[in-house]
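According to our numbering, the sequence shown holds residues 2 to 267 in order.
Don't be surprised by glycine CBs; every beta carbon is placed ideally from N, CA and C.
Have a look at the structure below before the remarks.
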Amino acid sequence: MSFWPVAKLTFRESVKERFFIGMLLVEVLLLFLSYYLSELAAGDSVKVGMDFALAFYFFLTAIFAIMVPVSTLFRDISDKFVYLILSKPIKRESYLVGKYFGSLMALALFLFASFFIVSVGVLGISHFARLYVPHVIVVERIFLLTLSLFFMGTLLSAFSTLFSILFTSQTLATVVGFLLFLSGLELASVKELSLSSDYVSPFNKVLIKVLYYFFPNFSLYDLKAYAVHLQLSVSPLYFVLIVLYTLFYSCAVLLISTWFFTRREL
Numbered sequence: 002m003s004f005w006p007v008a009k010l011t012f013r014e015s016v017k018e019r020f021f022i023g024m025l026l027v028e029v030l031l032l033f034l035s036y037y038l039s040e041l042a043a044g045d046s047v048k049v050g051m052d053f054a055l056a057f058y059f060f061l062t063a064i065f066a067i068m069v070p071v072s073t074l075f076r077d078i079s080d081k082f083v084y085l086i087l088s089k090p091i092k093r094e095s096y097l098v099g100k101y102f103g104s105l106m107a108l109a110l111f112l113f114a115s116f117f118i119v120s121v122g123v124l125g126i127s128h129f130a131r132l133y134v135p136h137v138i139v140v141e142r143i144f145l146l147t148l149s150l151f152f153m154g155t156l157l158s159a160f161s162t163l164f165s166i167l168f169t170s171q172t173l174a175t176v177v178g179f180l181l182f183l184s185g186l187e188l189a190s191v192k193e194l195s196l197s198s199d200y201v202s203p204f205n206k207v208l209i210k211v212l213y214y215f216f217p218n219f220s221l222y223d224l225k226a227y228a229v230h231l232q233l234s235v236s237p238l239y240f241v242l243i244v245l246y247t248l249f250y251s252c253a254v255l256l257i258s259t260w261f262f263t264r265r266e267l
């Protein structure tokens, strides 16, 4: 458990950062924006407001999961704080695992606060909607969405940690993290369209299949439609598969990160 002191320190630093409070404030502002956008919709304005609110929630979680590991690692290196930690009886592997788990603890706290903010915001949209069409809001479904977002953030944080080690630029590591996230969201759609098209060559179809199974599939964690549309259902087995997928992929990426970090010159 030599990584635990690093994890606690990373968690405290992340929570004390203005970025943490700023993200929560942005979330509140986006909930107000969701309300005003819902007023422009004809028909079920509450459902439209929920769509916007949960979409903002989804992408803010991705931003948080990408930027926290990157910023904390680069700050330690630029401030030479990493040398002080590694001068203690702490191995490089323990330091990196501690940074990763500290980022996950900060992500869990962010999602815990966000769940209450988003739930209150969605209920507020339902209460104050003027073009009102009755729409039942199930807070338990928003909670399940929050759980799936935590696992999405777990995988994103693992990749962000890896990119922070591979690249010497904080901006480049952040941009590559966002590009990976966006490609992981759209890869399933690209696969379905390409495999059903007669204009895609067999070689490209095989290549897309390989990329589909190689790249992380972040669309698995997108349960916004499930949280909004009550007629949709998700099997408990689906959540089990999400957990196993996240654990396997995150552990593999973290092992690669530690291998590179132990061989990197600081």
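Measure the Cβ-Cβ separation of residue i and residue j and say whether it is below 7 angstroms.
i	j	result
residue 144	residue 182	no
residue 247	residue 147	no
residue 332	residue 163	Residue 332 lies beyond the stretch modelled for the chain, which goes from 2 to 267, so this question has no answer here.
residue 178	residue 216	no
residue 239	residue 233	no
residue 61	residue 40	no
residue 119	residue 58	yes
residue 209	residue 192	yes
residue 107	residue 4	no
residue 8	residue 99	yes
residue 188	residue 214	no
residue 152	residue 67	no
For the alpha helix (DSSP H) containing residue i, list its first residue and its last residue.
i	result
residue 201	Note, residue 201: premise wrong, no alpha helix (DSSP H); not H, not E.
residue 265	Segment: none, residue 265 is in no alpha helix (DSSP H) and carries neither H nor E.
residue 170	Here residue 170 belongs to no alpha helix (DSSP H), and DSSP marks it neither H nor E.
residue 18	That residue, residue 18, is in no alpha helix (DSSP H); it is neither H nor E in DSSP.
residue 83	82 to 87
Go ahead and pull the three-state DSSP assignment for residue i.
i	result
residue 57	helix
residue 92	coil
residue 9	helix
residue 224	coil
residue 237	helix
residue 66	helix
residue 183	helix
residue 230	coil
residue 160	helix
residue 116	helix
residue 137	coil
residue 72	helix
residue 77	helix
residue 3	coil
residue 218	coil
residue 52	helix
residue 38	helix
For residue i and residue j, what's the separation of their Cα atoms in angstroms?
i	j	result
residue 47	residue 101	38 angstroms
residue 30	residue 161	27 angstroms
residue 261	residue 139	45 angstroms
residue 113	residue 158	17 angstroms
residue 92	residue 76	19 angstroms
residue 115	residue 231	22 angstroms
residue 149	residue 96	27 angstroms
residue 34	residue 221	27 angstroms
residue 38	residue 55	13 angstroms
residue 200	residue 206	10 angstroms
residue 19	residue 203	51 angstroms
residue 256	residue 264	13 angstroms
residue 171	residue 84	19 angstroms
residue 24	residue 196	39 angstroms
residue 223	residue 229	12 angstroms
residue 110	residue 72	17 angstroms
residue 194	residue 129	40 angstroms
residue 198	residue 211	17 angstroms
residue 52	residue 121	15 angstroms
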